[in-house]
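Using UniProt numbering, the letters of the sequence shown map in sequence onto residues 1 to 349.
Yeah, the Cβ is synthetic: ideal placement off N, Cα and C, and Gly gets one too.
All of these numbers come straight from a predicted model, not from anything done at the bench.
Here's the structure, in structure tokens; my notes come after.
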Amino acid sequence: MRKVTYKNIHNFFRFNGVHFNSSQLQVAAYYLIKEGEAYEKAIGQFLLDWFDDNWYIDLQTSGTTGIPKIIRKSKQALVNSALATGDFFELKPGYTALCCLPAQFIAGKMMLVRSFILGLQLDIVAPNSNPLENLDKKYDFVAMVPLQVENSLNELHKVRKLIIGGAKMNASLEKNLEDVTTEIYETYGMTETITHIAAKKIDERAFSILPNVTISQDEKECLVIDAPLVSDERLFTNDLVELINDNQFVLLGRIDNVVNSGGVKLFPEKIEAKLANAISARFFVGGIPDQVLGEKLVLVIEGTKYQLDKSIFDILDKFEKTKQVFFVPKFETTESGKIKRKAILKNLE
């Protein structure tokens with residue numbers, strides 16, 4: 001069987017309704033860069049980078065927990081990721097797909113790669129907060145971030161299979177998706193793993209790994225990923241997990257978010273899930289220095305200050321109840337929309 005490489009363009013591939021070979025895609029890329037809007041220019045630049053003579057693509061990380069950096073990945077690794085996604089989600093040649101994520105980041109780039117490797121018929125729209133709003137077409141496969149899903153609840157009937165990544169879904173959004181007929185998956189991954197290496201249906205507790213991935217834990221009980229087809233190195237994450245078996249894990253939260261308050265370890269993500277239905281604005285829980293406790297647990301809410309109903313904290317365990325509430329007019333976020341928890345907490349100290 002002939003190996004699929006980055007030079008392949010599937011016969012079923014369509015870009016906004018038109019089939020292109022590699023030479024034609026490069027011409028289209030020049031046009032997008034010259035005449036297109038900002039998001040189209042980014043697509044054009046990626047296409048030129050993809051079909052140049054280099055074996056690699058330079059990718060920018062999101063900067064969620066530190067300074068964004070550039071990492072170099074082989075084009076073949078991106079192809080291998082696309083093939084694994086196709087197998088896991090049973091994507092067939094000729095399926096319709098929508099790219100509504102910015103091509104500056106790996107998630108948008110991979111929608112393009114999946115399409116010409118797997119033979120998807122890909123449409124491109126601006127990566128705004130409600131990308132389905134003005135579309136009258138139905139799609140077999142779409143990837144979104146949680147904010148886009150939140151704003152597209154009335155439009156999700158246009159999507160048969162949806163994957164959600166880029167940030168953790170909150171409990172409120174999960175509840176709103178319970179009666180949606182779309183097949184919806186939450187994904188787990190990062191730029192270093194070329195998007196997702198695991199996924200789960202939103203009504204499931206545990207993530208299942210994609211083909212050619214092996215998982216384990218380090219001494220801190222954080223997830224360790226071996227994915228040789230997409231990464232030359234074993235990846236040690238800061239994500240605390242519970243291993244169910246060789247193929248499944250439950251995500252507990254980031255170890256760098258854990259708050260040690262008076263010797264008690266508290267998991268912000270767990271607390272946030274309990275509060276999700278009681279607070280309508282964006283919020284998070286974290287720790288700031290305290291002379292007595294070492295760290296004290298605080299609740300940070302985006303927006304104008306208002307009086308909270310203290311009964312919302314009744315659902316929390318004794319040590320999970322926050323010691324102080326802060327209101328921040330506007331959360332600082334990364335370019336991909338993730339809240340910069342550490343930077344915001346630092347300003348509160």
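Problem - Pick from 86, 344, 159, 145 that is closest to residue 136, judged by C-alpha positions - result: Here the question's residue 136 lines up with position 136 in the sequence shown. Closest option to residue 136, Cα to Cα, is 159.
Practice task
With a threshold of 16 other CB atoms inside 10 Å of the CB of residue 133, please say whether the residue is buried or exposed.
Solution key: As a working note, residue 133 is residue 133 in the sequence shown. Exposed, since its Cβ has fewer than 16 Cβ neighbours within 10 Å.
Exercise for the section: Using the DSSP secondary-structure output, state which residues sit across from residue 186 in a beta bridge. Expected result: Counting from one through the sequence shown, the residue named residue 186 turns up at place 186. Looking at the DSSP assignment, residue 186 forms a beta bridge with 164, 200.
Problem - Simplified DSSP assignment, three categories, for residue 275 - result: In the sequence shown, residue 275 corresponds to position 275, counting from 1. Helix, per DSSP.
Problem - Outcome for residue 165 when other beta-carbon atoms lying within 10 angstroms are tallied against a minimum of 16 - result: Stepping through the sequence shown from its first residue, residue 165 is reached at position 165. Looking at its Cβ environment, which holds 16 or more other Cβ atoms inside 10 Å, residue 165 is buried.
Handout entry: For residue 288, the first and last residue of its enclosing beta strand (DSSP E)
Key = Counting from one through the sequence shown, the residue named residue 288 turns up at place 288. Looking at the DSSP string, the run of the beta strand (DSSP E) that includes residue 288 is 283–290.
Handout entry: Local Cβ density within 10 Å of residue 177, reported as buried at 16 or more and exposed below that
Key = Position 177 of the sequence shown holds residue 177. Answer is buried; the Cβ neighbour count reaches 16.
Problem - Identified DSSP bridge partners for residue 326 - result: Translated into the one-based positions of the sequence shown, residue 326 becomes position 326. Answer is 300, bridged to residue 326.
Practice task
Enumerate in chain order the residues of its own chain whose CB-to-CB distance from residue 121 is below 8 Å, with the five nearest sequence positions on each side excluded.
Solution key: Position 121 of the sequence shown, counted from the start, is the residue given in the question as residue 121. Here the set comprises 12, 13, 14, 17, 94, 95, 96, 97, 115.
Practice task
Use the C-beta contact count for residue 123: other C-beta atoms within 10 angstroms, 16 or more gives buried, fewer gives exposed.
Solution key: Translated into the one-based positions of the sequence shown, residue 123 becomes position 123. Buried, because 16 or more other Cβ atoms sit within 10 Å of the Cβ of residue 123.
Practice task
Quick one: residues in its chain with C-beta nearer than 7 Å to the C-beta of residue 259, no 5 flanking neighbours on either side, listed in chain order?
Solution key: The residue you call residue 259 lines up with position 259 of the sequence shown. Result list for residue 259: 266, 268, 286, 287, 295, 297, in chain order.
Exercise for the section: Go to residue 31, then tell me how far its alpha helix (DSSP H) extends in each direction, as first and last residue. Expected result: The residue given as residue 31 occupies position 31 in the sequence shown. Segment 22–35, the alpha helix (DSSP H) holding residue 31.
Exercise for the section: Could you tell me whether the Cβ atoms of residue 339 and residue 331 are closer together than 8 Å? Expected result: Along the sequence shown, one-based indexing puts residue 339 at 339. Along the sequence shown, one-based indexing puts residue 331 at 331. In this structure, residue 331 lies closer than 8 Å to residue 339 by Cβ.
Handout entry: Nearest to residue 80 (by Cα), restricted to the options 102, 5, 278, 29
Key = Taking the sequence shown and counting its residues from 1, one reaches residue 80 at position 80. Per the Cα distances, 5.
Practice task
Quick one: give me the first and last residue of the alpha helix (DSSP H) that residue 149 is part of.
Solution key: Within the sequence shown, the letter at position 149 stands for residue 149. Residue 149 -> alpha helix (DSSP H) spans 146–150.
Problem - CA-to-CA distance, residue 207 to residue 436, given in whole angstroms - result: No answer is possible for residue 436: the residues shown for the chain start at 1 and end at 349.
Exercise for the section: Identify whether residue 251 lies in helix, strand or coil by the three-state DSSP scheme. Expected result: On the sequence shown, position 251 is the one that residue 251 refers to. Three-state result, residue 251: strand.
Exercise for the section: Consult DSSP for residue 73 and reduce its assignment to one of helix, strand or coil. Expected result: One-based indexing of the sequence shown puts residue 73 at position 73. Note: residue 73 maps to strand in three-state DSSP.
Practice task
Could you spell out the range, first to last residue, of the alpha helix (DSSP H) harbouring residue 227?
Solution key: Taking the first residue of the sequence shown as 1, we reach residue 227 at position 227. First-last for residue 227: undefined, no H or E at that position.
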